[in-house]
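Remarks on the structure that follows.
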Amino acid sequence: AVSRLRAACEGLRRVLSANRDASFSLECLVGETDVSGCLTRAQLEEMAARSSRDLAEA
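Next up, the structure:
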């Protein structure tokens, strides 16, 4: 499940480098649970900035 999640995140990052938004879908990520949604480039940039701040403070 972790490798599939990482691959999906990398795919989203690549799509968002050229587009404003991207959708994702992971079937049966954990057991029978499917995960899907949409992410914008701005949301990705905010998550990356937050992660960078957290790492700098650690």
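Per full-length UniProt numbering, residue 1 is the first one in the sequence shown, and the count goes up by one each step. We put the beta carbon where it would ideally sit given N, CA and C, even for glycine.
| query | What are the start and end residues of the beta strand (DSSP E) that includes G31? | reply | Here residue 31 refers to the residue found at position 31 when the sequence shown is read from its first residue. Bounds of any beta strand (DSSP E) do not take in G31, whose DSSP letter is neither H nor E.
| C38 - partner residues in DSSP beta bridges | Here residue 38 corresponds to residue number 38 of the sequence shown, with the count starting at 1. DSSP lists S23 as the beta-bridge partner residues of C38.
| field | Backbone secondary structure at S17 - three-state DSSP | value | Your numbering for residue 17 matches position 17 in the sequence shown. Per DSSP, reduced to three states, the secondary structure at S17 is coil, with no helix or strand assignment.
| How many whole angstroms separate the CB atoms of A1 and V30, which I take to be in contact at a CB cut-off of 8 Å? | For the purposes of this step, residue 1 is taken as the residue at position 1 of the sequence shown. For the purposes of this step, residue 30 is taken as the residue at position 30 of the sequence shown. That pair is a contact at about 6 Å.
| task | Spatial neighbours of L16 within its chain, please: CB distance less than 6 Å, with the 5 preceding and 5 following residues excluded, ordered by chain position. | result | Stepping through the sequence shown from its first residue, residue 16 is reached at position 16. These residues qualify, in order along the chain: A22, R41, L44.
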